[in-house]
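Top line first, the protein sequences correspond to chains Y and R. In terms of full-length UniProt numbering, the first sequence opens at residue 1 and continues consecutively. In terms of full-length UniProt numbering, the second sequence opens at residue 1 and continues consecutively. Positions of the beta carbon are idealized from the N, C-alpha and C atoms, including for glycine.
Number of protein chains: 2
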Amino acid sequence: MKKMTDHFSVSECTKEILAISDTMELLSGKWKIQIIGNLLYLGTMRFMELKRSLGAIGAKKLSNDLHELEINQLVTRTVKNTKPITVEYEATPYAQTLKPLINEISNWGKMHRKTITQNQKA
Amino acid sequence: MKKMTDHFSVSECTKEILAISDTMELLSGKWKIQIIGNLLYLGTMRFMELKRSLGAIGAKKLSNDLHELEINQLVTRTVKNTKPITVEYEATPYAQTLKPLINEISNWGKMHRKTITQNQKA
């Protein structure tokens with residue numbers, strides 16, 4: 001801990017840790033970032049369209065994750081009065097604030113895959 | 001899915017999903033980003049120093065996460081020939097590439113806490 005005071009005061013450091021912990025608690029897990037990413041970049045989708053776009057996710061997991069994202073005001077769920085009834089999911093305007101983070105996650109993933117592949121060849 | 005072709009080709013889209021999935025598989029969970037963040041910003045630490053700096057993490061969880069991060073070349077573990085023997089953990093130069101991502105995670109966490117707090121007041 002000796003180097004903490006070189007860069008951060010203790011209260012600044014606590015704030016950083018809290019902020020990282022907030023984000024990771026909300027968005028961690030394999031799927032949530034991908035769910036929001038797909039809704040942001042591919043647009044509004046029905047449940048089964050969204051499920052197909054994500055690949056290997058189970059229906060129960062997707063349903064639970066969507067519910068948590070709804071509570072956190074990142075996704076809206078709209079029941080449409082069609083026959084049969086359809087349910088659509090959409091990223092909220094607030095979810096747009098996650099775009100820079102999603103881009104960083106995607107960029108780092110591409111770079112990391114390249115690095116690991118090069119190391120295996122070497 | 002109808003809007004996919006407006007922005008991405010199918011193969012571009014698959015690449016994006018793969019990249020996000022790679023990063024989230026490696027870094028998701030509540031602690032890994034915080035472990036790397038603390039080693040990057042606070043410097044080299046012994047196991048117990050690192051544990052204290054993180055707060056509520058258990059020793060077994062920390063040990064497992066450090067091992068995974070070591071395998072992925074983000075952390076090095078050095079056994080020092082002192083009496084008693086000490087074990088130090090350090091972020092690798094490669095881990096520096098995570099700084100923009102960690103900053104985005106921290107910034108979003110701060111903004112989100114502010115938003116949620118304001119909504120509760122309103």
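Please tell me whether residue i and residue j are closer than 8 Å, where the distance is taken between their beta carbons.
i, j, result
"Leu50(Y)", "Leu62(Y)", "yes"
"Ala95(R)", "Val79(R)", "no"
"Asn64(Y)", "Ser53(Y)", "no"
Which word fits residue i, buried or exposed, when buried means at least 16 other C-beta atoms lie within 10 angstroms of its C-beta?
i, result
"Ala59(Y)", "exposed"
"His67(R)", "exposed"
"Ile116(Y)", "exposed"
"Ile35(R)", "buried"
"Ala56(R)", "exposed"
"Ile17(R)", "buried"
"Ile71(R)", "exposed"
"His20(Y)", "For clarity, residue 20(Y) is Ile in the given sequence; the question names His instead. Label assigned to Ile20(Y): buried."
"His112(R)", "buried"
query: With contact counted as at least three CB pairs below 8 Å, one residue from each stretch, are the stretch 44-58 of chain R and the stretch 88-108 of chain R in contact?
result: Taking a cut-off of 8 Å on C-beta distances, the stretch 44-58 of chain R touches the stretch 88-108 of chain R, as three or more cross pairs fall below it.
message: Closer than 8 Å is the cut-off here; do at least three beta carbon pairs connect the stretch 106-116 of chain R with the stretch 95-105 of chain Y?
response: yes
task: Go through the UniProt domain "HTH hxlR-type" (13-117) of chain Y residue by residue and report every complete run of the beta strand (DSSP E) that reaches 3 residues or more, in order.
output: 75-80 and 86-91
query: Between the stretch 19-36 of chain Y and the stretch 31-39 of chain R, do three or more beta carbon pairs fall short of 8 Å?
result: yes
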